[in-house]
Every structure is written in C-alpha cells, then in structure tokens.
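One rule links them: number in the working numbering = place in the sequence shown (from 1) + 162. The beta carbon of each residue, even a glycine, is placed where N, CA and C say it ideally should be. Note that the structure is predicted; figures quoted are calculated from it, not measured. Structure first, commentary second.
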Amino acid sequence: MKLDHVALYVKDLEGSKAFFMKYFDAVPNEKYHNPRTGLMTYFLTFADSGGARLEIMTRSALLPSASADSLGYAHIAFSVGSPAEVDALTDRLRRDGYAVLSGPRTTGDGYYESVVAAVGGLTIEITV
Numbered sequence: 163m164k165l166d167h168v169a170l171y172v173k174d175l176e177g178s179k180a181f182f183m184k185y186f187d188a189v190p191n192e193k194y195h196n197p198r199t200g201l202m203t204y205f206l207t208f209a210d211s212g213g214a215r216l217e218i219m220t221r222s223a224l225l226p227s228a229s230a231d232s233l234g235y236a237h238i239a240f241s242v243g244s245p246a247e248v249d250a251l252t253d254r255l256r257r258d259g260y261a262v263l264s265g266p267r268t269t270g271d272g273y274y275e276s277v278v279a280a281v282g283g284l285t286i287e288i289t290v
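Written out as structure tokens, the structure is:
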C-alpha cells in the first residue's frame, strides 16, 4: 500500500500553487473546476516523492482555519536531502518574507529541520 495524496483547502489557490512550484519544484496538473460546486483544485507532484501528491483545493465558502494545536492538519514535511539544503531553503524563505517558526536545528528526536509559516498560514517543515 502507498500513500497517493494528501488534500488541503487553501484560500489562495494560485498563490499556493506558485509557492510550492517555486520552493519545492512542484509540477501541477491542469486546474480542475467544478462550476456546480465552485470547487477548484490542482494536484502537485514532487520529484522523488514515490508518486505521492499534494492536492490543493479551494471554493468560495471556506470555513476559517483551525489553530495549529487542533485536530487535523498540523504540517507538511519536505525532505530536501542535507543539512546545507535545509539551511539554504530556510534562508531563502526568510529572505522572501516568510516567518521561520523554528530552526534550523536538530530536534530532540534527532531530526535536522526548520519550520516555516508559509503561504496562507500553512506550516511547512523542511528536513534532511
């Protein structure tokens, strides 16, 4: 069994797509739009992900997002390959105006990571 995809709602579909393309080399499919429900989505594919994809979705009537300490989505983690790459991407995101919430650092359980508040308030973990 393999994970096929994770889906999440975003307020800014095009901005979110551009973020994942710019910083994580995502390749989007053609936008899906259901005019009856107002749903619009992209599936994003990432190199070396084993086929797992991220589906970003929006519609006109979204509920406010939950806090970081509620049930459900907590963060998305991307492995970038080395501590130097974690540092470089974290610095790039910081320079581009995204808040670095923690790190880069080695966590208590041995992971080298940083955590960034990304587009639309999504929490992104960048790991080795």
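The Cβ neighbour count for Tyr-194, taken over all protein chains shown within 10 Å, is under 16; the residue is labelled exposed. Taking a C-beta distance under 8 angstroms as the contact criterion, Thr-203 and Ile-218 qualify as a contact pair. According to the DSSP secondary-structure assignment, Leu-206 is paired through a beta bridge with Pro-190 and Leu-216. In this model, Leu-284 and His-237 are separated by some 7 angstroms (Cα to Cα).
Listed in chain order, the non-local C-beta contacts of Asn-191 below 7 angstroms within the same chain comprise Tyr-204 and Phe-205, local neighbours out to five positions each way being set aside. When only Cα atoms are considered, Ala-223 and Leu-170 end up about 14 angstroms apart.
Each of Met-183, Ile-288, Thr-220 and Pro-197 was checked against the Cα of Phe-208, and the nearest Cα belongs to Met-183.
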